[in-house]
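To start, the structure itself, in structure tokens.
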Amino acid sequence: MYNAENLNKGFSVNTKEKNMCRLYKARTAHLKWVNSVKLLVSGVSVDKKHLTPLAQDSELGQWFYNEAKQFAQFNSKNVLEEMEELLDEMYNIYAKIYSIYFAKEQGKLKAFLGFKSTASKYEVELASRCYEDLIELSDQFKNKFGVLERQLLALGDPKHEMVRVFEQEEEERLKQSALEEEGDDYYHGPRSH
Numbered sequence: 001m002y003n004a005e006n007l008n009k010g011f012s013v014n015t016k017e018k019n020m021c022r023l024y025k026a027r028t029a030h031l032k033w034v035n036s037v038k039l040l041v042s043g044v045s046v047d048k049k050h051l052t053p054l055a056q057d058s059e060l061g062q063w064f065y066n067e068a069k070q071f072a073q074f075n076s077k078n079v080l081e082e083m084e085e086l087l088d089e090m091y092n093i094y095a096k097i098y099s100i101y102f103a104k105e106q107g108k109l110k111a112f113l114g115f116k117s118t119a120s121k122y123e124v125e126l127a128s129r130c131y132e133d134l135i136e137l138s139d140q141f142k143n144k145f146g147v148l149e150r151q152l153l154a155l156g157d158p159k160h161e162m163v164r165v166f167e168q169e170e171e172e173r174l175k176q177s178a179l180e181e182e183g184d185d186y187y188h189g190p191r192s193h
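According to full-length UniProt numbering, the sequence shown is numbered sequentially starting from 1.
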């Protein structure tokens, strides 16, 4: 399986395997997002940074718009168009949920004084209904993911190589993040003896 550790250990992984791994990561990101929305609607506090209101800013959206759509040049154009339509619909519904829980951001003074900004009973019911609609769309989206997975598995290695630009960008990003992590351990300041 493709990951940064295997690259560092010298394992040879072809482009097709890397593309499939990124597809699996995107599917996992979608499942995590749906679960986070479920927690939010259930009243559990969820970190806002994991729940972006824009599909393009999500982990799934970045993969979909930056990489997956490149496979439309082969036999995946129809399924990708269907996936994009579902993704847009899911995020349109999610925008309603997001506005219920995050649009009424409490002011700093209110937070300091201990007042909480909560959703009304009507808003909670609306969010629950929206979540049910979101789940239906998510199930359809997951089915399309399966179709795309089968299509990408059926593609030959040469076609996967044509989409390699994104693989190289990701490897560069992984190397950069590894360098940044190493840099966090560096101590700035005078030497002590």
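No residue lacks a Cβ here, since even glycine has one placed at the ideal position from N, Cα and C.
The three-state reading of DSSP puts Leu51 in coil, since its state is none of H, G, I, E or B. Apart from the 5 residues on each side of it in sequence, Ile93 sits with its Cβ closer than 6 Å to the Cβ of Cys130, Asp133 and Leu134 in its chain, given in chain order.
Under the three-state reduction of DSSP output, Asn35 falls in the helix class.
Cβ contact annotation for Val46 (same chain, cutoff 6 Å, sequence separation greater than five): Ser36, Leu39 and Leu40, in chain order. Annotation for Ile97: Ala127 and Cys130 place their beta carbon closer than 6 Å to its own, counting only its chain and skipping 5 residues before and after. For Gln140, the uninterrupted alpha helix (DSSP H) segment begins and ends at Lys121 to Ala154. Here Val163 is buried. Its C-beta has 16 or more other C-beta atoms within 10 Å.
Per DSSP, the continuous alpha helix (DSSP H) segment holding Gln62 begins and ends at Glu59 to Asn66. A distance below 6 Å between beta-carbons, with the five flanking residues on each side excluded, links Gln70 to the following residues of its chain, in chain order: Val163.
Your pair Arg27 and Phe102 does not check out as a contact, with CB atoms roughly 25 Å apart and the cut at 8 Å. By a beta-carbon distance limit of 8 Å, Gln73 does not contact Tyr65. Their separation comes to about 15 Å.
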